[in-house]
Amino acid sequence: MDENGKMIGVIPTRKALELAKEKGLDLVLVAPNENPPVAKIMDYGKYKYQLTKKQKENKKKTVQLKQMKFRLNIDEHDYQTKVKHIRRFLEEGHKVRVVVMFIGREMMFAEKGKEILERVIKDTEDLAAVENPPKMEGRDMWMVLKPKNS
């Protein structure tokens with residue numbers, strides 16, 4: 001195949017190397033196991049660069065577990081801001097771990113922490129599904145939300 005992807009046909013290796021050298025490109029073996037082997041005339045450096053670029057792009061698309069922490073006595077504006085961040089994370093396709101932290105005597109008000117988590121579920125129900133329901137662990141109560149489309 002030539003640099004534009006057009007089939008040249010079956011030609012000897014020396015002739016293919018000469019064609020590639022005339023064009024200032026490389027002869028790259030694309031399918032060595034075929035009979036006859038398939039080679040393509042291309043700029044090998046550019047090809048390798050595009051491969052690494054694709055691999056980096058694929059790494060960026062991995063799902064991450066983001067975390068958003070709440071306190072028991074959270075102000076309404078702070079709550080709305082944090083929910084907005086959670087919604088953005090979900091829209092980007094990430095999972096979100098929502099944590100309510102209890103400090104000191106706040107442990108007596110665990111039901112209030114559960115109310116905060118239930119409110120977060122209600123405010124994000126159009127985007128999120130609950131992967132792990134709210135549960136208490138040490139001084140934290142947490143749950144995991146995942147995007148609905150996954």
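First residue of the sequence shown: 1, per my numbering; consecutive thereafter. Yeah, the Cβ is synthetic: ideal placement off N, Cα and C, and Gly gets one too. Here the structure is a predicted model, which means the values were calculated and not measured.
Rounded C-alpha distance that separates residue i from residue j
| i | j | result |
| --- | --- | --- |
| arginine 88 | threonine 52 | 28 Å |
| glutamate 111 | lysine 59 | 40 Å |
| proline 12 | lysine 48 | 25 Å |
| alanine 16 | glutamate 22 | 10 Å |
| glutamate 76 | arginine 119 | 12 Å |
| asparagine 4 | tyrosine 79 | 56 Å |
| glycine 174 | glutamine 64 | With the chain running from 1 to 150 in the structure shown, residue 174 is simply not present. |
| arginine 14 | glutamine 50 | 27 Å |
| lysine 56 | threonine 62 | 11 Å |
Cβ shell of residue i (< 6 Å), same chain only, five flanking positions each side left out
| i | result |
| --- | --- |
| lysine 66 | Phe89, His94 and Val96 |
| phenylalanine 70 | Val100 and Ile116 |
Beta-carbon contacts of residue i that lie in its chain and below 8 Å, excluding the five residues immediately before and after
| i | result |
| --- | --- |
| threonine 124 | Val83, Ile86, Arg87, Leu90 and Leu145 |
| alanine 20 | Asp26, Leu27 and Ile41 |
Simplified DSSP assignment, three categories, for residue i
| i | result |
| --- | --- |
| arginine 139 | coil |
| glutamine 67 | strand |
| lysine 165 | Because the chain is modelled from 1 through 150, residue 165 falls outside the range shown and cannot be assessed. |
| asparagine 58 | helix |
| valine 28 | strand |
| leucine 17 | helix |
| methionine 101 | strand |
| leucine 51 | helix |
| valine 83 | helix |
| leucine 127 | coil |
| leucine 72 | coil |
Residue range of the alpha helix (DSSP H) that includes residue i
| i | result |
| --- | --- |
| aspartate 123 | 110 to 123 |
| lysine 40 | Here lysine 40 belongs to no alpha helix (DSSP H); instead the beta strand (DSSP E) covers 38 to 42. |
Cutoff 7 Å; reference residue i; Cβ partners in own chain excluding five residues on either side
| i | result |
| --- | --- |
| glycine 24 | none |
| valine 130 | Ile121, Met143 and Leu145 |
| leucine 72 | Val100, Phe102, Glu106, Phe109, Lys112 and Gly113 |
Cβ-Cβ separation, residue j to residue i (assumed contact under 8 Å), whole Å
| i | j | result |
| --- | --- | --- |
| alanine 128 | lysine 148 | 6 Å |
| methionine 108 | arginine 139 | About 12 Å separates the two Cβ atoms, so there is no contact after all. |
| proline 37 | valine 10 | Wrong, their Cβ atoms sit about 10 Å apart, outside the cutoff. |
| valine 98 | methionine 68 | 5 Å |
| methionine 141 | proline 133 | Between proline 133 and methionine 141 the Cβ distance is about 11 Å, and since that is not below 8 Å, they are no contact. |
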